[in-house]
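Colleague:
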Amino acid sequence: MIDTVAVPAQETLFDEIKRYVRFSEQDERWLAALRAHAEPHFPRIADEFYDRIREHEGAHDVFTGEDQVERLKRSLVRWMTRICTGPYDGAYFDESAKIGRIHVRVGLPQRYMFTAMTLIRLAFDEIAESALGAEVIPVRAAVSKVLDLELAIMLETYRDDFLARAQRAERLDREEVGRTLARTEHRYKSAVELARVLVVGLDAHAIVRLFNREAERITGLGREDILGMPFAEALLPEEIRADHGALVEDVAAGRRASVDLLESIVRTRAGKIREVRWQLAYAPSAADDEVVLFAIGQDTTDENALAARVRQSEKLAAVGTLAAGLAHEIRNPLNGAQLHVTFLERGLARAGLKDPDTQEAIHVVRDEIRRLSALVSEFLDFARPQPLYLRPTPVVPLCERAARVAASSDGAGAQAVVKVDLPSTDVVLDLDPAKIEQVLLNLLRNAIEAADAAGGGTVTLRARRQPRHAVLEVEDDGPGIASPDAPIFDPFFSTKPNGTGLGLAIAHRIVTDHEGTIEFQSRPGKTLFRVTLPLRRSG
């Protein structure tokens, strides 16, 4: 005989899900008991959770920056508190559904929700086993039930999104769908899908009607996201819409001739910027009255970055050759001058001449000769770089040492506070640790000087793992660099009154020798230098 369960007439979806997994008031009490032991661990679990996400491109690509990651960590801590606290009512359901809709909007694949719940489940199981003793079994069951509730709610949001898309498709007239499919088949026969360029077809109002596979790959946007959207609104950053968007609209409307070359940028789904070289070809056709303009684009982001690195390397090599010659020519006269100052000092001592002004002048000359000699040595370090000694190096202790040395070497007069923000799981890179430490010390000392000039502040050394790279950042809250276009990596360019202009040039060369990149962003109150180094996977 089969037992039956009475179901209230107005039972909500959430009540149905709770009934299905047998989530009870006793489970609520077990979760409350777990929270007392687990809550101190929530920040650690959040750090480990997002460190794991950084290893996977599909999940990492939805991030727009470190500020977003920190907000997400805080949200994860609040979420863990909520699932252990409740109350498990309609408001709880609405909040979980809201999180699911955010996942849909940013394009997070469903598989990462399942793996994420596994990570949280294992972390809670470990805490329960160590803290709750004989009660661990019912607590584990309660955790499984509440996480299954969360999964069920979030999957409903994916289902709702799918149904909404299906309903939009059903609203299309069948005859129009047939004509669209016929036109699409004709276009694809021209190998649009196989072309390694972005192909975007626009109608006379600059609305996107065609979006090929390469365009999807570069932008991260699917056809279902982009078709029917205005070109400028969907792809162009706000700061260039007025100019480039108006140009595209004029060509699509036939008010301007085709454009053979338009250097522009596009915004990806994750909010990143890619450089694209467009050709706007106006091609109306009697057989296809929908697509009148083909925007054919070539992603030039990596090409432009490589060209910039080559130009900088060539400039550094040319200046390095000059510096080596000058240093050689200057060092010999300096050695002679230093020797003769010593002879002069001894001669004055034998003659019994101890005039204070003369003695002070001799000391000034000697100090200036030493300063010039140190400058010549720095020239030679720049002009004759030593080969790299690469070996597997943990990043965390390297950063900690650089921060300690930078903080201590600036003496008691320094007002800036040096902080580190490092991952919970270390990252091992093949690099020359001495040279990368030299880069970090240079950036940290510059940042400390900038913060001190503003009356003190905070300097942060940050390290992060990405799927294919490791990123080291030095950030200060000083006055910033006056011009964002300043050639600060050029030899002999300096913003300091007594600077040689070689520190950042040497740092650029070291990072480039490691096949990495170094860049900066600056505005009043924040300057950030970012060093990106490749992860080399053995095997």
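If you count the sequence shown from 1, position 337 lands on 337 in full-length UniProt numbering, and the numbers rise without skipping. We treat Cβ as the ideally placed atom computed from N, Cα and C, and that holds for glycine.
So, under 8 Å CB-CB, GLU214 and ARG196 are touching, yes? Tell me the CB distance rounded to an integer number of Å.
Modeller: Here residue 214 refers to the residue found at position 214 of the sequence shown. Here residue 196 refers to the residue found at position 196 of the sequence shown. The Cβ separation is near 6 Å, so the contact holds.
Colleague: Reducing DSSP to helix, strand and coil, say where ILE207 ends up.
Modeller: In the sequence shown, the residue the question calls residue 207 occupies position 207. Three-state result, ILE207: strand.
Colleague: Excluding the five sequence neighbours on either side, which residues of its own chain have a C-beta within less than 8 Å of the C-beta of LYS18, listed in chain order?
Modeller: For the purposes of this step, residue 18 is taken as residue 18 along the sequence shown, with counting starting at 1. Taken in chain order, the residues that qualify are TYR88 and LEU149.
Colleague: Out of HIS41, ARG54, ALA97 and LEU306, which has the shortest C-alpha to C-alpha gap to ALA463?
Modeller: Working through the sequence shown from its first residue, we reach residue 463 at position 463. Nearest C-alpha to ALA463: ARG54.
Colleague: Flag this pair as yes or no: are the beta carbons of GLU475 and THR460 separated by less than 8 Å?
Modeller: Counting from 1 along the sequence shown, the entry for residue 475 is found at position 475. Counting from 1 along the sequence shown, the entry for residue 460 is found at position 460. Closer than 8 Å, so yes.
Colleague: Report the rounded CA-to-CA distance for ARG370 versus ARG267, giving the unit in angstroms.
Modeller: Indexing the sequence shown from 1 puts residue 370 at position 370. Indexing the sequence shown from 1 puts residue 267 at position 267. Their backbone Cα atoms lie some 53 Å apart in a straight line.
Colleague: Below 8 Å on the Cβ atoms is my guess for VAL139 versus ALA33; work out the distance and round it to an integer in Å.
Modeller: Here residue 139 corresponds to residue number 139 of the sequence shown, with the count starting at 1. Here residue 33 corresponds to residue number 33 of the sequence shown, with the count starting at 1. Right, their Cβ atoms sit about 7 Å apart.
Colleague: Pull up the DSSP beta-bridge partners for TRP278, would you.
Modeller: In the sequence shown, residue 278 corresponds to position 278, counting from 1. Partner(s): LEU262 and GLY297.
Colleague: How would you label HIS363, buried or exposed, when you count the other beta carbons within 10 angstroms and need 16 or more for buried?
Modeller: Along the sequence shown, read from residue 1 onward, the residue named residue 363 stands at position 363. Its Cβ having fewer than 16 others within 10 Å, HIS363 is exposed.
Colleague: Could you check whether LEU339 and ALA402 sit closer than 8 Å to each other, using their CB atoms as the reference points?
Modeller: Here residue 402 is taken as the residue at index 402 of the sequence shown, counted from 1. Here residue 339 is taken as the residue at index 339 of the sequence shown, counted from 1. In this structure, LEU339 does not lie closer than 8 Å to ALA402 by Cβ.
Colleague: If I follow the unbroken beta strand (DSSP E) through ILE481, where does it start and stop?
Modeller: Indexing the sequence shown from 1 puts residue 481 at position 481. Where ILE481 is concerned, there is no enclosing beta strand (DSSP E), given that its DSSP letter is neither H nor E.
Colleague: Give the straight-line distance between the Cα atoms of GLU57 and ARG366, rounded to the nearest whole angstrom.
Modeller: For the purposes of this step, residue 57 is taken as residue 57 along the sequence shown, with counting starting at 1. For the purposes of this step, residue 366 is taken as residue 366 along the sequence shown, with counting starting at 1. Answer to the nearest angstrom: the Cα atoms are 58 Å apart.
Colleague: Using only the alpha-carbon positions, how far apart do PHE14 and VAL21 sit?
Modeller: Residue 14 sits at position 14 when you count from the first residue of the sequence shown. Residue 21 sits at position 21 when you count from the first residue of the sequence shown. Rounded to whole angstroms, PHE14 to VAL21 spans 11 Å at the Cα level.
Colleague: Three-state secondary structure (DSSP) at ARG468?
Modeller: As a first step, residue 468 is located in the sequence shown; it is residue number 468 there, counting from the start. In this structure, ARG468 counts as coil in the three-state DSSP scheme.
Colleague: Please name the residue in VAL310, PRO43, LEU202 and ILE273 whose C-alpha comes closest to that of PHE294.
Modeller: If you number the sequence shown from 1, residue 294 lands on position 294. Ranking VAL310, PRO43, LEU202 and ILE273 by Cα distance to PHE294 puts LEU202 first.
Colleague: For a test of the three-state rule: what should DSSP assign to ASP476, helix, strand or coil?
Modeller: Position 476 of the sequence shown, counting from 1, holds the residue named residue 476. In this structure, ASP476 counts as strand in the three-state DSSP scheme.
Colleague: In the stretch 83–126, which residue ranges form an unbroken alpha helix (DSSP H) of at least 4 residues, counting only runs that do not cross its ends?
Modeller: 90–106
Colleague: Can you give me the start and stop residues for the alpha helix (DSSP H) that THR512 sits inside?
Modeller: Here residue 512 is taken as the residue at index 512 of the sequence shown, counted from 1. First-last of the alpha helix (DSSP H) with THR512: 503–513.
Colleague: Taking DSSP as the reference, what is the three-state secondary structure of ARG213?
Modeller: Locating residue 213 in the sequence shown gives position 213, counting from the first residue. Helix, per DSSP.
Colleague: Out of ALA406, LEU440, ASN446 and PRO397, state which residue places its alpha-carbon closest to the alpha-carbon of LEU422.
Modeller: By one-based count along the sequence shown, residue 422 stands at place 422. Nearest of ALA406, LEU440, ASN446 and PRO397 to LEU422, Cα basis: PRO397.
Colleague: The beta strand (DSSP E) with ARG536 in it runs from where to where?
Modeller: To locate residue 536, count along the sequence shown from 1; it is residue 536. Where ARG536 is concerned, there is no enclosing beta strand (DSSP E), given that its DSSP letter is neither H nor E.
Colleague: Given GLY220, which residues of its chain have a CB within under 8 Å of its CB, disregarding the five upstream and five downstream residues?
Modeller: Along the sequence shown, one-based indexing puts residue 220 at 220. Excluding residues within five positions, the ones whose Cβ falls inside 8 Å are ASP61, GLY107, THR268, ARG269 and ALA270.
Colleague: CB ALA454 to CB PRO479, shorter than 8 Å?
Modeller: Taking the sequence shown and counting its residues from 1, one reaches residue 454 at position 454. Taking the sequence shown and counting its residues from 1, one reaches residue 479 at position 479. Yes.
Colleague: State the Cα-Cα distance for the pair GLU170 and ALA164, rounded to the nearest angstrom.
Modeller: For the purposes of this step, residue 170 is taken as the residue at position 170 of the sequence shown. For the purposes of this step, residue 164 is taken as the residue at position 164 of the sequence shown. About 10 Å.
Colleague: Do ILE510 and VAL439 have their beta-carbon atoms positioned less than 8 Å apart in this structure?
Modeller: As a working note, residue 439 is residue 439 in the sequence shown. As a working note, residue 510 is residue 510 in the sequence shown. Yes, they are a contact pair.
Colleague: Identify which residue in GLU519, LEU535, ASP513 and ASP477 has its Cα closest to the Cα of GLY525.
Modeller: Taking the sequence shown and counting its residues from 1, one reaches residue 525 at position 525. Nearest of GLU519, LEU535, ASP513 and ASP477 to GLY525, Cα basis: ASP477.
Colleague: Could you tell me the alpha carbon to alpha carbon distance between GLY100 and ASP94, rounded to whole angstroms?
Modeller: Taking the sequence shown and counting its residues from 1, one reaches residue 100 at position 100. Taking the sequence shown and counting its residues from 1, one reaches residue 94 at position 94. Taking the straight line joining both Cα atoms gives about 10 Å.
Colleague: Using a beta-carbon distance below 8 Å, is PRO87 in contact with chain B?
Modeller: The structure shown contains no chain B, having only a single protein chain.
Colleague: Can you tell me where the alpha helix (DSSP H) with PHE520 in it begins and where it stops?
Modeller: If you number the sequence shown from 1, residue 520 lands on position 520. Segment 517–523 is the beta strand (DSSP E) holding PHE520; no alpha helix (DSSP H) there.
Colleague: Taking only the alpha-carbon atoms, compute the straight-line gap between ALA412 and ILE488 and give it to the nearest angstrom.
Modeller: Taking the first residue of the sequence shown as 1, we reach residue 412 at position 412. Taking the first residue of the sequence shown as 1, we reach residue 488 at position 488. Its pLDDT being 49, under 50, ALA412 is placed unreliably in this model, and the value from its coordinates should be taken loosely. So the alpha carbons of these two residues sit roughly 28 Å apart.
Colleague: Got a sec? Which residues, its chain only, sit under 6 Å from THR301 by beta carbon, not counting five neighbours each side?
Modeller: Along the sequence shown, read from residue 1 onward, the residue named residue 301 stands at position 301. ARG274 and GLU275, listed in sequence order.
Colleague: Cutting at 6 Å between CB atoms, please list the residues of its own chain near GLY503, excluding the five before and the five after it.
Modeller: Within the sequence shown, the letter at position 503 stands for residue 503. Contacts found: ASN442.
Colleague: Grab me the residues of ILE102's own chain with a C-beta within less than 7 Å of its C-beta, minus the 5 sequence neighbours each way, in chain order.
Modeller: By 1-based counting over the sequence shown, the position of residue 102 is 102. Cβ neighbours of ILE102 beyond the five flanking positions: none.
Colleague: Just to confirm the assignment, what range does the beta strand (DSSP E) spanning ASP421 have?
Modeller: Residue mapping note: residue 421 aligns to position 421 of the sequence shown, counting from 1. Looking at the DSSP string, the run of the beta strand (DSSP E) that includes ASP421 is 417–421.
Colleague: Count the other CB atoms, across all protein chains shown, that sit within 10 Å of the CB of VAL531; report buried if there are 16 or more and exposed otherwise.
Modeller: By 1-based counting over the sequence shown, the position of residue 531 is 531. Buried.
Colleague: Once the 5 residues before and after ASP250 are set aside, which same chain residues still bring their CB inside 6 Å of it?
Modeller: Within the sequence shown, numbered from 1, the residue matching residue 250 stands at position 250. Answer for ASP250: ARG256, listed in chain order.
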